[in-house]
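Working notes, beginning with the structure itself.
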Amino acid sequence: MENKSAIDMTIGTEWKQILRFSLPIMLGHALQQLYNAVDSIVVGNFAGATKAISERYIAAIGGGVALMFLFLAMAVGLGMGGGIQISQFYGARRYKLLRRTASTQIITMGAVGIVLSAIAFIFARPLLSTVMNYQDPLMLDDAVRYYKVAGLGVVFVYIYNAVASNLNAIGDSKATLYFLAI
Numbered sequence: 003m004e005n006k007s008a009i010d011m012t013i014g015t016e017w018k019q020i021l022r023f024s025l026p027i028m029l030g031h032a033l034q035q036l037y038n039a040v041d042s043i044v045v046g047n048f049a050g051a052t053k054a055i056s057e058r059y060i061a062a063i064g065g066g067v068a069l070m071f072l073f074l075a076m077a078v079g080l081g082m083g084g085g086i087q088i089s090q091f092y093g094a095r096r097y098k099l100l101r102r103t104a105s106t107q108i109i110t111m112g113a114v115g116i117v118l119s120a121i122a123f124i125f126a127r128p129l130l131s132t133v134m135n136y137q138d139p140l141m142l143d144d145a146v147r148y149y150k151v152a153g154l155g156v157v158f159v160y161i162y163n164a165v166a167s168n169l170n171a172i173g174d175s176k177a178t179l180y181f182l183a184i
């Protein structure tokens, strides 16, 4: 189970290897954050007939993004946890256990993503009301609408992070960057 695009971290200058491996990961995380910025840009330019309405929509997105970041951080953490075990199996050349662990991680994170998507959709209003302090009820309504739509995508964020952590664990940090760029 040799991976042609994997970086062998045991050969070469340490700082160069770390940089070669981590740069695509950092760029990938930047791309993930860019999706939220694009939401704000689109809403700011096209959603409202007036500046006040556009500002309200942008503020509503900001509240939803804060909660979505919590789900993203949890996905990255779960992915890293599974990635540690996968990288140990890869280094020990225990490929049967690696495959089983990788598939278990993807299924588990997919299931967690489904549950969190449902929670985000069903409990959008109480979550946003508790975490964010919206003074304007219309802004809360806008935030709930945005959060429900964004929340449905949590399952895909979790599955992506499971696959990304599996690839990173075997030394391939570029494939996930290419996927995000497309």
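Start counting the sequence shown at 3; every next residue gets the next number (our numbering). Just so you know, even glycine gets a beta-carbon here, dropped at the ideal spot from N, CA and C. Note that this is a predicted model, so its numbers are computed, not measured.
Taking the CA atoms as reference points, Ala62 sits about 20 Å from Ala75.
With fewer than 16 other CB atoms across the displayed protein chains lying within 10 angstroms of its CB, Met28 is exposed. Relative to the Cα of Phe71, the nearest Cα in the group Val156, Ala113 and Ile88 belongs to Val156.
Around Tyr136, the same chain offers Leu142 as residues with beta carbons nearer than 6 Å, after the five sequence neighbours per side are excluded. Distance from the CA of Lys176 to the CA of Pro26, rounded to the nearest whole angstrom, comes to 6 Å. Here Asn135 carries a coil assignment [DSSP, helix/strand/coil]. Proximity of the stretch 143 to 155 to the stretch 90 to 104 falls short of the contact definition, fewer than three beta-carbon pairs being nearer than 8 Å. Burial of Ile172 is indicated by the presence of at least 16 other C-beta atoms within 10 angstroms of its C-beta. The three-state secondary structure of Ser105, taken from DSSP, is helix. It is roughly 23 Å from the alpha-carbon of Tyr162 to the alpha-carbon of Gly93.
The C-alpha of Arg95 lies about 10 Å from the C-alpha of Ile88. Bounds of the alpha helix (DSSP H) holding Ser167 are Val156 to Ala171.
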